[in-house]
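S.K.:
2 protein chains.
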Amino acid sequence: MAGATIRDVARLAEVSVASVSRALNGLANVHPDTRARVLAAAKELGYVPHAGARSLSLARTNAIGVVLPDLHGEFFSELVRGLDREASARGYHLLLSNIHADRDHAAKALRTMRGRVDGLVVLAPYADPVATADLLPASLPTVMINTPSAHGGVSLRIDNRAGAEAMAHHLVAIGRQRIVHVTGPVGNTDAQERLDGFRAALPEDIELIVVPGDFTEPSGEAAVARLQDDGVAYDAIFAGNDLMAVGALRALRQAGRAVPQDVAVCGFDDVPLAGYLSLTTIRVHMTAVGARAAARLIDALEGCDAGAADEWITPELVVRGTTVTES
Amino acid sequence: MAGATIRDVARLAEVSVASVSRALNGLANVHPDTRARVLAAAKELGYVPHAGARSLSLARTNAIGVVLPDLHGEFFSELVRGLDREASARGYHLLLSNIHADRDHAAKALRTMRGRVDGLVVLAPYADPVATADLLPASLPTVMINTPSAHGGVSLRIDNRAGAEAMAHHLVAIGRQRIVHVTGPVGNTDAQERLDGFRAALPEDIELIVVPGDFTEPSGEAAVARLQDDGVAYDAIFAGNDLMAVGALRALRQAGRAVPQDVAVCGFDDVPLAGYLSLTTIRVHMTAVGARAAARLIDALEGCDAGAADEWITPELVVRGTTVTES
DNA sequence: CTGTTAGCGCTTTCAA
DNA sequence: TTGAAAGCGCTAACAG
Chain P
13 MAGATIRDVA RLAEVSVASV SRALNGLANV HPDTRARVLA AAKELGYVPH AGARSLSLAR
73 TNAIGVVLPD LHGEFFSELV RGLDREASAR GYHLLLSNIH ADRDHAAKAL RTMRGRVDGL
133 VVLAPYADPV ATADLLPASL PTVMINTPSA HGGVSLRIDN RAGAEAMAHH LVAIGRQRIV
193 HVTGPVGNTD AQERLDGFRA ALPEDIELIV VPGDFTEPSG EAAVARLQDD GVAYDAIFAG
253 NDLMAVGALR ALRQAGRAVP QDVAVCGFDD VPLAGYLSLT TIRVHMTAVG ARAAARLIDA
313 LEGCDAGAAD EWITPELVVR GTTVTES
Chain B
13 MAGATIRDVA RLAEVSVASV SRALNGLANV HPDTRARVLA AAKELGYVPH AGARSLSLAR
73 TNAIGVVLPD LHGEFFSELV RGLDREASAR GYHLLLSNIH ADRDHAAKAL RTMRGRVDGL
133 VVLAPYADPV ATADLLPASL PTVMINTPSA HGGVSLRIDN RAGAEAMAHH LVAIGRQRIV
193 HVTGPVGNTD AQERLDGFRA ALPEDIELIV VPGDFTEPSG EAAVARLQDD GVAYDAIFAG
253 NDLMAVGALR ALRQAGRAVP QDVAVCGFDD VPLAGYLSLT TIRVHMTAVG ARAAARLIDA
313 LEGCDAGAAD EWITPELVVR GTTVTES
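Protein chains in written order, with the working numbering: chain P, 13 to 339; chain B, 13 to 339.
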């Protein structure tokens with residue numbers, strides 16, 4: 013019952029292990045009769061090839077390691093889904109490894125991937141790309157997500173700037189003049205890029221009011237409260253992410269201001285709740301990111317890589333009821 | 013740069029490969045000097061052991077295969093998080109494999125796990141447990157989730173009945189008399205168990221009105237509309253899942269009925285939206301399910317398994333504003 | 001077309 | 001305490 017080997021099959025079929033290997037792998041140079049005998053023997057024994065042994069022999073595992081800082085939420089599951097879709101379509105498995113803040117742990121986790129996978133997709137937990145690159149086993153091809161490719165490998169970047177620009181154009185197009193941006197936490201790269209892109213895309217005659225936030229719902233609420241207290245006039249709020257936009261919506265409702273008539277509200281990310289609340293936002297299509305990451309890595313593994321070192325994924329503007337009145 | 017082997021280390025340290033192996037694995041019978049030389053050589057070469065080769069030799073991979081029908085949503089990511097938490101705490105990796113409806117594909121996916129993983133956690137895509145069990149490579153220990161353990165292995169079950177019973181008690185406790193249950197699709201096991209448990213826990217003097225649904229939001233909306241049309245009187249709705257409860261809430265609001273005063277509303281699952289809408293529901297703690305599944309599997313692998321074949325995970329009643337007025 | 005054989009990189013008896 | 005050597009299960013020359 014427990015694991016017939018290729019040798020057992022060879023014995024039963026009365027051929028050599030080489031013939032079994034050839035027959036089972038569909039090579040051409042096998043006599044039909046031989047192949048039939050092998051297939052029959054394999055079926056009779058319930059033979060299943062031992063992937064580990066195969067990998068060792070071929071020096072290929074057909075698996076890719078996925079290293080993530082954190083396994084939370086929608087973001088993660090979409091990314092993994094994209095990775096899996098592409099990987100399984102091309103005959104690869106996914107080996108998951110989540111990495112916590114601890115550096116040593118991270119280094120060990122990466123090392124134990126050697127000999128298990130052919131390459132790595134890494135969503136770096138550290139701000140410092142060089143430091144992260146240092147942890148990688150030099151022998152493993154790697155695709156980084158959202159980290160500049162300091163290590164000379166491939167890197168996939170979310171184009172936060174482009175997303176923020178698209179939102180700027182949208183708000184201007186619907187005639188908004190005095191726009192508030194609620195930022196993410198200081199030091200957060202995504203937050204910074206969104207602010208920069210937004211500011212850069214805004215025409216001179218549009219006023220931009222920047223209010224600090226930290227990507228949490230309460231901070232969005234607080235931002236609106238502060239604006240009210242200070243008596244600041246504005247006709248649009250672009251929150252650095254959807255959670256803060258949701259908080260802003262709540263505060264605006266309490267303050268009795270009409271959305272989108274008085275104030276247009278929008279966020280970034282397109283979390284599931286955004287659809288429910290009809291929030292205009294920027295969708296970061298993580299499924300696509302995952303699929304591209306897997307595709308680039310496998311291309312590299314199979315020696316047919318073409319693309320540039322850095323590839324940008326452009327997020328998509330999703331216009332909903334918080335910026336335009338719905339028909 | 014690319015992958016020093018144990019032999020390289022041995023050569024540099026001027027010892028045998030056996031000594032390198034012993035030194036690196038921390039065995040006792042190694043002279044301190046030897047160990048030091050080996051460690052130095054390993055560090056100099058940047059040696060990282062080849063997990064694949066190690067597995068083959070030890071007949072242990074320290075990986076567990078996770079086979080899921082579908083990688084969608086919160087449900088999935090919570091489950092994986094639980095699996096990963098337990099697995100990585102005990103030194104195991106997770107190898108992901110999603111299985112589509114196609115049987116042959118499923119069988120192949122399962123087979124290619126042999127030699128890659130030490131055991132399997134399977135969330136069966138098929139209603140028929142026996143058929144699913146048949147696909148499993150007989151040699152791999154397996155924990156099934158939400159499938160009766162027809163195969164003689166371990167099985168983790170979500171206790172839908174217990175959840176529905178808890179909800180029944182809650183609704184009765186708050187004085188509801190004529191209760192509607194919106195069912196899931198016919199043939200769905202979860203849906204059936206929820207209905208059965210709910211019915212069984214309701215006292216004789218409480219009226220139960222069963223309305224068909226299909227686990228979608230529109231079907232929850234439609235159910236309420238139908239009740240209105242038919243002029244049916246009721247003071248509570250227990251939807252078979254949260255999505256339908258959300259639909260029901262929307263329809264009730266349109267119909268101008270007050271929640272929870274006129275009608276108490278509750279669901280099942282505790283999706284993220286439920287918290288936002290303050291929906292009373294039953295939380296299925298998938299993280300716990302995942303962690304238990306990994307724990308049971310690893311226990312079995314390491315020969316210290318104790319528990320029963322079937323283990324029930326009891327979901328938790330979460331009381332919110334759609335059944336009781338919030339303080 | 002088929003069998004023999006030498007590895008893949010590591011662990012582990014078995015002797016020394 | 002150490003080294004030589006035999007595998008783990010499979011693939012891939014290389015001869016026949």
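The beta carbon of each residue, even a glycine, is placed where N, CA and C say it ideally should be.
#1: Beta-carbon within less than 6 Å of S33/P's beta-carbon, same chain only, minus the 5 sequence neighbours each way: which residues are those?
#2: Could you tell me the distance, in whole angstroms, from the CA atom of V166/B to the CA atom of L80/B?
#3: Could you check if P215/B is buried or exposed, using at least 16 other CB atoms within 10 Å of its CB as the buried criterion?
#4: Going straight from the alpha carbon of A237/B to that of G243/B, what length do you get?
#5: Considering only residues of the segment 224-302 of chain P, which uninterrupted alpha helix (DSSP H) runs meet the minimum length of 4 residues and lie entirely inside it, listed in chain order?
#6: Return the CA-CA distance between V155/B and L329/P, expressed in angstroms with no decimal places.
#7: Out of G196/P, P197/P, I218/P and T201/P, which one is the CA nearest neighbour of H182/P?
#8: Given that a residue counts as buried once 16 or more other Cβ atoms are within 10 Å of its Cβ, and exposed if not, what is T337/B?
#9: Starting from G131/P, trace the beta strand (DSSP E) in both directions and tell me its first and last residue.
#10: Taking the straight line between their C-alpha atoms, what separation do you get for G64/P and A71/P?
#11: In the DSSP assignment, find the beta strand (DSSP E) that holds D45/B and state where it starts and stops.
#12: At 9 Å on the CB atoms, spell out the chain P contacts of P284/B, in chain order.
#13: Give me the Cα-Cα distance between S67/B and N74/B, rounded to the nearest whole angstrom.
#14: Measure the CB-CB distance between G94/P and A303/P and report whether it falls below 8 Å.
#15: In this structure, does DSSP put G94/P in helix, strand or coil?
#16: Specify, as a first and last residue, the run of the alpha helix (DSSP H) that S4/B falls within.
#17: Of all the options F250/B, D82/B, T228/B and L39/B, which has the alpha carbon lying nearest to the alpha carbon of F210/B?
#18: For S28/B, count neighbouring C-beta atoms within 10 Å of its own C-beta (all shown protein chains included) and say buried if the count is 16 or more, exposed if not.
#19: Would you mind telling me which residues of chain P sit closer than 8 Å to H105/B, beta carbon to beta carbon, in chain order?
#20: Indicate whether at least one CB of chain B lies closer than 8 Å to the CB of A63/P.
#21: Could you pull out every residue in the same chain whose Cβ sits closer than 6 Å to the Cβ of L24/B, ignoring the five residues on either side in sequence?
#22: In whole angstroms, give me the CA-to-CA distance for Q204/B and P197/B.
#23: What residues in the segment 295-306 of chain B bring their beta carbon closer than 8 Å to a beta carbon of chain P?
#24: Can you give me the C-alpha to C-alpha distance between S100/P and P61/P, rounded to a whole angstrom?
#25: Just verifying my parser: in three-state terms, what is the DSSP assignment at H193/P?
#26: Can you tell me whether DSSP reads A16/P as helix, strand or coil?
#27: Within 8 Å of any Cβ in chain P, is that where the Cβ of G15/B sits?
#28: Cβ closer than 7 Å: which chain P residues qualify as neighbours of T159/B?
#29: Please confirm whether V32/P has its beta-carbon closer than 8 Å to some beta-carbon of chain B.
#30: Count the other CB atoms, across all protein chains shown, that sit within 10 Å of the CB of E98/B; report buried if there are 16 or more and exposed otherwise.
#31: What's the call for T222/B, buried or exposed, on a 16-neighbour Cβ count within 10 Å?
#32: Using only CA atoms, which one of A22/B, D82/B and L220/B lies nearest to V194/B?
#33: Suppose only complete runs of 4+ residues qualify. What are the alpha helix (DSSP H) ranges in the segment 153-221 of chain P, listed by chain order?
#34: Helix, strand or coil for A75/P per DSSP?
#35: Quick one: what does DSSP say V21/P is sitting in, helix, strand or coil?
#36: Along the chain, where does the beta strand (DSSP E) containing H105/P start, and where does it finish?
M.R.: Once the coordinates are examined:
#1: Here residue 33/P is taken as the residue at index 21 of the first sequence, counted from 1. No residues qualify anywhere along the chain.
#2: Working through the second sequence from its first residue, we reach residue 166/B at position 154. Working through the second sequence from its first residue, we reach residue 80/B at position 68. Taking the straight line from one Cα to the other gives about 17 Å.
#3: Here residue 215/B refers to the residue found at position 203 when the second sequence is read from its first residue. Answer is exposed; the Cβ neighbour count stays below 16.
#4: Along the second sequence, read from residue 1 onward, the residue named residue 237/B stands at position 225. Along the second sequence, read from residue 1 onward, the residue named residue 243/B stands at position 231. When rounded, the distance between both Cα atoms is 10 Å.
#5: 229-242, 254-267 and 284-289
#6: In the second sequence, residue 155/B corresponds to position 143, counting from 1. In the first sequence, residue 329/P corresponds to position 317, counting from 1. When rounded, the distance between both Cα atoms is 43 Å.
#7: If you number the first sequence from 1, residue 182/P lands on position 170. If you compare the alpha carbons of G196/P, P197/P, I218/P and T201/P with that of H182/P, the shortest gap goes to I218/P.
#8: Counting from 1 along the second sequence, the entry for residue 337/B is found at position 325. Flag for T337/B reads exposed.
#9: As a position in the first sequence, residue 131/P is number 119, starting the count at 1. Residues G131 to L135.
#10: Stepping through the first sequence from its first residue, residue 64/P is reached at position 52. Stepping through the first sequence from its first residue, residue 71/P is reached at position 59. Roughly 10 Å separates the two Cα atoms.
#11: Start at 1 with the first residue of the second sequence, and residue 45/B comes out as number 33. Not the beta strand (DSSP E): D45/B falls in the alpha helix (DSSP H), residues P44 to L57.
#12: By 1-based counting over the second sequence, the position of residue 284/B is 272. Near P284/B (Cβ distances below 9 Å), the residues of chain P are G85, E86, V283, P284 and L285.
#13: Walking along the second sequence from the start, residue 67/B turns up at place 55. Walking along the second sequence from the start, residue 74/B turns up at place 62. If you take the alpha carbons of S67/B and N74/B, they lie about 8 Å apart.
#14: Numbered from 1 along the first sequence, position 82 holds the residue referred to as residue 94/P. Numbered from 1 along the first sequence, position 291 holds the residue referred to as residue 303/P. Yes, these two residues count as a Cβ contact at 8 Å.
#15: As a position in the first sequence, residue 94/P is number 82, starting the count at 1. G94/P: helix per DSSP, three-state reduction.
#16: Residue 4/B falls outside the range modelled here, since chain B spans only 13 to 339, and no answer is possible.
#17: In the second sequence, counting from the first residue as 1, residue 210/B sits at position 198. Checked all of F250/B, D82/B, T228/B and L39/B; the closest Cα to F210/B is F250/B.
#18: Residue numbering aside, residue 28/B sits at position 16 when the second sequence is read from its first letter. Counting Cβ neighbours within 10 Å, S28/B comes out exposed, since fewer than 16 surround it.
#19: Within the second sequence, the letter at position 93 stands for residue 105/B. What H105/B touches in chain P: L107, L108, S109, T124 and R128.
#20: Your numbering for residue 63/P matches position 51 in the first sequence. It does; some Cβ of chain B falls within 8 Å.
#21: Counting from 1 along the second sequence, the entry for residue 24/B is found at position 12. Cβ within range, chain order: A53.
#22: Residue numbering aside, residue 204/B sits at position 192 when the second sequence is read from its first letter. Residue numbering aside, residue 197/B sits at position 185 when the second sequence is read from its first letter. Going from the Cα of Q204/B to the Cα of P197/B covers about 9 Å.
#23: none
#24: Walking along the first sequence from the start, residue 100/P turns up at place 88. Walking along the first sequence from the start, residue 61/P turns up at place 49. Each residue's Cα considered, the two are about 19 Å apart.
#25: As a first step, residue 193/P must be located in the first sequence, where it is residue number 181. When DSSP states are grouped into helix, strand and coil, H193/P belongs to the strand group.
#26: Taking the first sequence and counting its residues from 1, the one referred to as residue 16/P is at position 4. Coil at A16/P, not helix or strand.
#27: Working through the second sequence from its first residue, we reach residue 15/B at position 3. At least one chain P Cβ lies under 8 Å of G15/B.
#28: The residue given as residue 159/B occupies position 147 in the second sequence. In chain order: nothing, as chain P lies at least about 22 Å away.
#29: On the first sequence, position 20 is the one that residue 32/P refers to. So no, V32/P is outside the interface.
#30: Numbered from 1 along the second sequence, position 86 holds the residue referred to as residue 98/B. With 16 or more other Cβ atoms within 10 Å, it is buried.
#31: Taking the second sequence and counting its residues from 1, one reaches residue 222/B at position 210. Per the sequence shown, the amino acid found at residue 222/B is Val instead of Thr. It counts as exposed.
#32: Stepping through the second sequence from its first residue, residue 194/B is reached at position 182. With distances taken between Cα atoms, V194/B lies closest to L220/B.
#33: 172-185 and 201-213
#34: Against the first sequence, residue 75/P aligns to sequence position 63. Looking at A75/P - three-state DSSP - the assignment turns out to be strand.
#35: Stepping through the first sequence from its first residue, residue 21/P is reached at position 9. Reduced to three states, the DSSP call for V21/P is helix.
#36: Here residue 105/P refers to the residue found at position 93 when the first sequence is read from its first residue. H105/P -> beta strand (DSSP E) spans H105 to N110.
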